[in-house]
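Comments concern the structure below.
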Amino acid sequence: MNNKKEVRMSTESSLQAPRQGMNLRRFVDDWVMLLAAVGIFLLCAVFIDNFMSPLNMRGLGLAISTVGIAACTMLFCLASGHFDLSVGSVLACSGVIAGIVIRDTDSVFLGVSAALALGLVVGLINGIVIAKLRINALIATLATMQIVRGLAYIFSNGKAVGVSNEDFFIFGNGQIYGVPVPILITIACFMFFGWLLNYTTYGRNTMAIGGNQEAALLAG
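Take 9 as the starting number for the sequence shown in the numbering used here and just add one per residue.
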C-alpha cells in the first residue's frame with residue numbers, strides 16, 4: 009500500500025511540474041508587455057517631476073492616440089501571424105486625402121469617408137496579394153508602403169495640405185467632459201477591437217490561423 013501511495017504521489021508531482029511551467033509561460037506571454045509598460049510608467053511617475061500632472065497626462069494621451077488606433081488594427085495582423093509595413097504610409101496618405109477632399113468640398117464627412125475608403129482599398133489589396141497570391145506579407149506590404157507613400161506625394165504635389173474647416177478640428181481639439189476627443193476615440197477602439205478579437209468567432213479564427221494555419225484549415 010505504501011509503495012502504491014508513493015508511486016501515486018510521485019506521478020502527481022511529476023504532472024504538476026509541467027503544468028506549473030506551462031502556467032508560468034502562459035502568464036509571461038499574456039502579461040509581460042503590460043507589466044513592463046506599467047513598470048516604466050511607475051518609474052517615470054516617481055523620478056520625473058510633474059509627470060502625473062493633468063497637462064502632461066493630456067499631452068501623453070494625445071501623443072499616443074494616433075499610434076494607439078493604428079495598433080488596434082495591427083493587433084489582428086500579428087494575431088494572424090503576419091505583419092503590415094504599410095500602415096504608417098496608409099495613415100499619412102489617408103490624412104492627405106482627407107485634407108484635399110475637405111478643402112475642395114468643405115465637407116468633413118466626405119473627407120473622413122474618403123480617408124477610410126483609401127485604407128479599406130489598400131487593406132483589401134494587401135489581403136488579396138497575401139492570401140490569394142501567396143506573397144510574403146513583409147514583401148507585399150513593403151511594396152504597398154512605397155506605392156502609397158508615392159501616391160500621397162502625387163496627390164499633394166509635394167506640398168502641405170491645409171484645412172480651414174472648423175468642424176474638422178473637433179477631432180483634434182474637441183473635448184467631452186474635459187477629455188480630448190482623440191483619447192476617447194482611442195479608448196473606444198481599444199474596447200471594440202479587444203472585444204472583437206477575444207469574444208467573437210472572427211477573432212478566435214484569426215488567432216487560430218496565427219497559431220497554426222494548417223491546423224486551422226483542417227478544423228474548418
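Even glycine gets a Cβ: it sits at the ideal position worked out from N, Cα and C.
Since the structure is predicted, the reported quantities are computational estimates derived from the model, not experimental observations.
Which term fits residue i, buried or exposed, when burial requires 16 or more other beta carbons within 10 angstroms of its beta carbon?
i, result
"residue 106", "buried"
"residue 177", "exposed"
"residue 88", "buried"
"residue 13", "Its pLDDT being 49, under 50, residue 13 is placed unreliably in this model, and the coordinates cannot settle the point."
"residue 191", "buried"
"residue 134", "buried"
"residue 172", "exposed"
"residue 148", "buried"
"residue 244", "This structure cannot settle anything about residue 244, because the visible part of the chain is limited to 9 through 228."
"residue 109", "buried"
"residue 145", "buried"
"residue 209", "exposed"
"residue 214", "buried"
Assuming residue i and residue j are in contact, meaning their beta carbons sit under 8 Å apart, how far apart are those beta carbons, in whole angstroms?
i, j, result
"residue 102", "residue 126", "5 Å"
"residue 104", "residue 169", "6 Å"
"residue 189", "residue 179", "6 Å"
"residue 153", "residue 93", "5 Å"
"residue 193", "residue 73", "7 Å"
"residue 156", "residue 129", "Rounded, the Cβ-Cβ distance is 10 Å, inconsistent with contact."
Which residue spans inside the segment 172 to 201 form an unbroken alpha helix (DSSP H) run of at least 4? You should have 178 to 181.
Using 8 Å as the Cβ pair cut-off and three pairs as the minimum, do the segment 134 to 142 and the segment 190 to 202 touch? At 8 Å Cβ cutoff, the stretches do not touch.
Three Cβ pairs or more, each shorter than 8 Å: is that satisfied between the segment 157 to 172 and the segment 92 to 108? Short answer: they touch.
Just checking, does the segment 42 to 61 make contact with the segment 112 to 123 on the three C-beta pairs under 8 Å criterion? Short answer: they don't touch.
Determine, using beta-carbon pairs with one atom in the segment 60 to 69 and one in the segment 174 to 185, whether at least three such pairs fall under 8 Å. Touching, no.
Between the segment 80 to 92 and the segment 201 to 210, are three or more C-beta pairs nearer than 8 Å? The segment 80 to 92, when compared against the segment 201 to 210, does touch it at the 8 Å Cβ threshold.
I'd like the ranges of any alpha helix (DSSP H) spanning at least 4 consecutive residues and lying wholly in the segment 117 to 179. Complete alpha helix (DSSP H) runs here, min 4: 145 to 164.
Whole beta strand (DSSP E) elements within the segment 53 to 122, 3-residue minimum: As far as the segment 53 to 122 is concerned, it has no whole beta strand (DSSP E) run of at least 3 residues.
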